[in-house]
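Chains as they are written, first to last, in the working numbering: chain E, 25 to 468; chain P, 7 to 450.
Quick reminder that beta carbons are idealized off the backbone N, C-alpha and C, glycines included.
Single-structure report; data block below.
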Amino acid sequence: MKNFATVFVLVMTLLEGQIFAQSIQFDKVSFEEALLKANKQNKLIFIDFNAVWCAPCKVMERNVFTNPKVAELFNKEFINLKLDGEREGRAIAKKFNVGAYPTLMFINGKGEMVYKKVGGLNASQTIKMGDGALQSYRSKYGLVKLKELFPSKRNDEKFLKLYFEKMKEYGESPIEGIESWLKVQTEIKEADVDMMEFLLENSKYLIVDGKAEEIYNTNYDEYWDIATSYEEVSLKNMKYNIVNNTRGVAYKNRNPQALRAFIVNWKELPANRKKTGVLMDYELDYTWFSKDLGKYKVQAAYYLDSIVGAKSLKQIHKDDAIFYKDYKENKYRPSLIGDSVLKNLKIGKEALWQIAAIKKTTYKYLTLCKTRKDYKKVIKWVNYGIQLSSSNYEMYNLKSDVLNKQGKTKEAIKFKQLALDKLSKRHKKRPFLKEELNKMMTAD
Amino acid sequence: MKYIYIAIILLLMLVPVRTLGQGINFEKGTFNDALSLAKSDNKLLFVDGYAVWCGPCKKMDKTVFLEKEVGNYFDKHLIAIKVNVERGEGPRIKQKYGIEGLPGYVFIDGDGHVVYRFSSAMPTGQFMKEVELAVSYSKDKNSIGRLAERYKVEMNDEAFVRVYLDKMKLSKSINYADVLDHFLSIQLSIKEASKEMVVLLADHSNEIIFGSKADEIIKRNFGSDVWKLYVRKDIREKYQGLKRKMVSTTTNYAISKKDTAVLELAINRASEAGFKSDLAQRKKAYSYYYLQTGNGVKYKAMVKAENNAFIESIDVAQVRAYYLNWEKRKAAKEKKALRSRPRSIRLGQQIYTMVENYGRFVTSDQEKKEIVKWMKVAFDINPGEVKTMSNYANILYTFGNDKKAALKIKESAYKLAVKENEKMKDLIKLDLEAMRDGKGIILK
């Protein structure tokens, strides 16, 4: 009997041990509670920002968070939270500027970020990330400390180098650090091959109107004399990368000055380099970022009216059909990308572009709607959008949201249902629309 | 009677064509026969390295090689021989004379010195230009052969060795690391910090090994201001790929000298080229070394357990089921299936290579049984796949004790290959004929 008891106890401990050892234990507490806990225990919070539709998140959940070694480290060192950045974790995701999933973030007890990685990782990378976060937290050059020191050390070449290197390591943007370092550094001659290599290596962190661009322009010919044929391509592209990086910074920080700098440079690009984006749309975003809402309303209405009036629907459908046919017969090759392009072109190239433009601008305009006249305009644009494609759900969904805001719940429900009908069973947006529909129905 | 006339006329029409020898007349005998013929006729030996599945090789056969003026030139200056680099004495010749890329052409003088080489299909004009160059090199009083003889006595004459090195570069020689190293240790005319040195080392970058004089010079000077002036454009490209190249050059050098101390150098410094220097890498390097130096005892001891573990790690039933299902999906024209290849095919190829390598050193019946068992796994997980069937038949024929069964499998593989119009049907046919004649077939 004694033996039996021992065995029983052993099995129980083993079981329990296994449950705890085999996967990361995510706390079911709120972010605020987690902060308190982190403060008390002098630990970091690990947040897995995920989304329902995010496949790499699911892979990590299944294969990485269940890895015993990962679990051991994370359960020991961190308070682990799992947040859907589009649902319960929305506010926190916004606060920490989470724009892609999964974002894996470490936050200290004061609510300051100390380490971040974006994108799916495997188990060994995850362990490396955990170690990196601890190092950032404990080291005297942790992310928080470095950021604190940065404003007072803008002439300290050594510090700045460490600063931008650590920013890269911790998952923060090194752009400002690199710019500051380039301004004061004495380590590398600007015309030297080492500088060329530095710029090539960091080309995704360079922006317009700064020291980096100046060095690039001044030494382009010398760099060209050094570059291998492979580097020649990167060197040429760097000019465009610098412009596009600026757009990235502008949108990430919602910064009107950066966006203006981008627009000025973008206009100068050769036509084949500015296929994506439209000037009017960038200008609208600039006004929006500048918070000049009155102006935005006027500009947006003008923009949408111009889209609606530019070409007849018949002409659009005709042009799109020709483009689709040409692509299918002459350019299409079966592949994941090829298939998805073909599917989109079937709806219509121009039609889809217009739908996207209407969707983006109208949602913003909707927040500024006051009078019945405003809403009338919106409905006009949306109705036009609906005619662009009978198979796309977005315009139906938009119309539902407009009607709902007007308080016309019954009609809104009808259009939400129509939008849902157009979505495939496994479409990533389906759960959201469903939720919105349910909300309207219960409110009704 | 009428038929006889026709036959005679037909024969007459055929005979002159053959005897006039339009096009290149390839020797039918062995490589050594052709080589002695070249020596006695005082001609240059032209080796056309090909493989039965090689499209460009066939293209040359059907076009350039048939042309009259090409044939005339060859009759006058060259003895030509075709070498199937995958069969018979082919692999040995390929290895010895460094045939790389197919079709690969090597020009060898009567004493066995490679005078020139080039590769790939090309139009007649370009082809003949290269051939004439080779012939002129062989007639040169400084031909590679004569220089090689002179090197034995004049190796301490700096000016001479430089001429020899230049010639080796022109004739695209390989495996002369010793000469380069010797030159660098005796030469006094080229300063390390000079353009000439930078260019010289770039020119011979394929012959630089770790621990050599060139390695030391590079270590001392790379990144210096003077070198930076000259390491540009294509020379820079050479230096960028140098460390990687050095790893393979050093490994091959170790093999040619059967010197593990040199191999150690290659392994220990592989990290400089961005490779791992860990235990697994070391094991890989050593097993490759033992394989290439023909040290069967050590090779087998090194890989046996690993091979067995690899075989045991395969879940035959599951992998086989996946393959069968993939075949079904393919037949139903499922897009995803058409685009992908099941893992079993890759596994099957891995097993075949493994068995081929190991097979070179098996001695006992026990060992033979074991590798046949390994190959059976490849066969079982790819039911009905042509290449695996054919490979399995080869192994069964060579190492098994039921030649009839092997022949039967080979026959069905051939039938299937013809039915599916597989590229490798010619290759299978060659093996099949050898098997029917009871001859040995060459694996590796």
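Alpha carbon of residue i to alpha carbon of residue j, nearest angstrom
| i | j | result |
| --- | --- | --- |
| Gly41 of chain E | Glu96 of chain E | Here Gly41 of chain E scores only 45 on pLDDT, less than 50, and its place in the model is too uncertain to base an answer on. |
| Met174 of chain P | Val378 of chain P | 45 Å |
| Gly229 of chain P | Phe222 of chain E | 14 Å |
| Pro22 of chain P | Ile99 of chain P | Any reading at Pro22 of chain P must be qualified, since the residue scores a pLDDT of 42, below 50, and its modelled position is unreliable; no value is offered. |
| Arg288 of chain P | His210 of chain P | 27 Å |
| Ala467 of chain E | Tyr387 of chain E | 22 Å |
| Glu213 of chain P | Ile261 of chain P | 14 Å |
| Leu190 of chain P | Met128 of chain P | 37 Å |
| Glu57 of chain E | Gly133 of chain E | 10 Å |
| Ile239 of chain E | Val237 of chain P | 21 Å |
| Leu442 of chain E | Lys384 of chain E | 20 Å |
| Val89 of chain P | Val217 of chain E | 47 Å |
| Leu438 of chain P | Leu297 of chain P | 28 Å |
| Asp343 of chain E | Lys335 of chain E | 10 Å |
| Ile103 of chain E | Glu376 of chain P | 53 Å |
| Val309 of chain P | Leu158 of chain E | 41 Å |
| Thr37 of chain E | Asp108 of chain E | At Thr37 of chain E, the pLDDT of 48 sits below 50, so the modelled position is not reliable and the matter cannot be decided from this model. |
| Met220 of chain E | Phe124 of chain P | 36 Å |
| Gly365 of chain P | Gly104 of chain P | 24 Å |
| Trp290 of chain E | Lys319 of chain E | 23 Å |
| Ile43 of chain E | Ala79 of chain E | Note that Ile43 of chain E scores a pLDDT of 49, beneath 50, so its modelled location is shaky and nothing firm can be said. |
| Asn421 of chain E | Asn428 of chain E | 10 Å |
| Lys190 of chain E | Leu167 of chain E | 7 Å |
| Lys197 of chain P | Thr36 of chain P | 48 Å |
| Leu139 of chain P | Ile250 of chain E | 33 Å |
| Ile287 of chain E | Asp305 of chain E | 10 Å |
| Lys453 of chain E | Thr90 of chain E | 27 Å |
| Pro92 of chain E | Ile69 of chain E | 19 Å |
| Arg2 of chain P | Ile223 of chain P | Nothing can be reported for residue 2 of chain P: it is not among the residues displayed for chain P, which extend from 7 to 450. |
| Leu171 of chain P | Leu51 of chain P | 23 Å |
| Ala279 of chain P | Thr255 of chain P | 13 Å |
| Asn457 of chain P | Phe405 of chain P | Only positions 7 to 450 of chain P appear in this structure, which leaves residue 457 of chain P out of reach. |
| Gln28 of chain P | Lys74 of chain P | 5 Å |
Within chain P, partners of residue i - CB distance below 7 Å
| i | result |
| --- | --- |
| Thr210 of chain E | Per Cβ cutoff of 7 Å: no residues; Thr210 of chain E is ~16 Å from chain P at best. |
Under 9 Å by beta carbon: chain E residues contacting residue i
| i | result |
| --- | --- |
| Asp240 of chain P | Thr252 and Ser253 |
| Arg345 of chain P | Pro358, Ser359 and Leu360 |
| Gln287 of chain P | Correct list: empty, because the minimum Cβ distance to chain E is about 17 Å. |
| Lys234 of chain P | Asp216, Val217, Asp218 and Ile250 |
Residues that residue i contacts on chain B, provided the C-beta gap is smaller than 8 Å
| i | result |
| --- | --- |
| Gln246 of chain P | In the displayed structure, chain B is absent; the protein chains listed are E and P. |
Residues that residue i contacts on chain E, provided the C-beta gap is smaller than 8 Å
| i | result |
| --- | --- |
| Glu243 of chain P | Thr252, Ser253 and Tyr254 |
Touching by the beta-carbon criterion (3+ pairs, under 8 Å), the segment 317 to 332 of chain P and the segment 274 to 292 of chain P | By the criterion of at least three beta-carbon pairs nearer than 8 Å, the segment 317 to 332 of chain P is not in contact with the segment 274 to 292 of chain P.
Would you call the segment 385 to 402 of chain P and the segment 417 to 427 of chain P touching, i.e. three or more CB-CB distances under 8 Å?
-> For the pair of segments examined, the segment 385 to 402 of chain P was found to touch the segment 417 to 427 of chain P: the number of CB pairs separated by less than 8 Å reaches three.
Unbroken stretches of the alpha helix (DSSP H), 4 residues or longer, contained in the segment 397 to 447 of chain E = As far as the segment 397 to 447 of chain E is concerned, its whole alpha helix (DSSP H) runs of at least 4 residues are 418 to 429 and 433 to 445.
Anything in the segment 205 to 234 of chain E with a Cβ closer than 9 Å to a Cβ of chain P? List those residues in chain order, please.
-> Within the segment 205 to 234 of chain E, Asp216, Val217 and Asp218 place their CB atoms closer than 9 Å to a CB of chain P, listed in sequence order.
Which runs of the beta strand (DSSP E) fall wholly inside the segment 92 to 119 of chain E and span at least 3 residues, in chain order?
-> For the segment 92 to 119 of chain E, whole beta strand (DSSP E) runs of length 3 or above, ordered along the chain, are 102 to 108.
Against chain E: residues of the segment 210 to 225 of chain P by CB proximity under 9 Å | Those residues of the segment 210 to 225 of chain P that come within reach of chain E (Cβ to Cβ, closer than 9 Å) do not exist; the list is empty.
Entirely enclosed alpha helix (DSSP H) segments - the segment 166 to 232 of chain P, minimum 4 residues = The qualifying runs are 183 to 192, 201 to 209 and 219 to 227.
Mind listing, in chain order, the continuous beta strand (DSSP E) runs of no fewer than 3 residues lying wholly within the segment 117 to 154 of chain E?
-> The beta strand (DSSP E) runs lying completely inside the segment 117 to 154 of chain E and spanning 3 residues or more are 127 to 131 and 137 to 142, given in chain order.
Using 8 Å as the threshold, is the segment 241 to 255 of chain P in touch with the segment 195 to 210 of chain P, meaning 3 or more CB pairs across them?
-> They touch, by the three-pair rule.
May I ask you to list, following chain order, the residues of the segment 237 to 250 of chain E that have a beta carbon less than 7 Å from some beta carbon of chain P?
-> Listed in sequence order: Asp249 and Ile250.
What residues in the segment 321 to 347 of chain P have a beta carbon less than 8 Å from any beta carbon of chain E?
-> Those residues of the segment 321 to 347 of chain P that come within reach of chain E (Cβ to Cβ, closer than 8 Å) are Lys341, Leu344 and Arg345.
Decide if the segment 206 to 213 of chain E is in contact with the segment 177 to 186 of chain E; the criterion is three or more beta carbon pairs, one per stretch, under 8 Å apart.
-> Result yes; three or more Cβ-Cβ pairs closer than 8 Å.
Should the segment 381 to 390 of chain P be regarded as contacting the segment 326 to 345 of chain P, the criterion being three or more beta carbon pairs within less than 8 Å?
-> Using a Cβ-Cβ distance cut-off of 8 Å, the segment 381 to 390 of chain P and the segment 326 to 345 of chain P are in contact, since at least three pairs of beta carbons, one from each stretch, lie closer than that value.
Could you say if the segment 214 to 223 of chain P and the segment 253 to 271 of chain P meet the contact criterion of at least three C-beta pairs nearer than 8 Å?
-> By the Cβ criterion, the segment 214 to 223 of chain P is in contact with the segment 253 to 271 of chain P, since at least three pairs of Cβ atoms, one from each stretch, lie closer than 8 Å.
For the segment 121 to 135 of chain E and the segment 69 to 79 of chain E, state whether three or more C-beta atom pairs, one from each stretch, are separated by less than 8 Å.
-> Here the segment 121 to 135 of chain E lies against the segment 69 to 79 of chain E, with 3 or more beta-carbon pairs under 8 Å apart.
Segments assigned alpha helix (DSSP H), at least 4 residues, entirely inside the segment 371 to 397 of chain E | Entirely contained in the segment 371 to 397 of chain E, the alpha helix (DSSP H) runs reaching 4 residues are, in chain order, 373 to 392.
Can you list the alpha helix (DSSP H) stretches of 4 or more residues lying completely in the segment 260 to 333 of chain P, in chain order?
-> Whole alpha helix (DSSP H) segments, 4+ residues: 266 to 274, 285 to 299 and 302 to 318.
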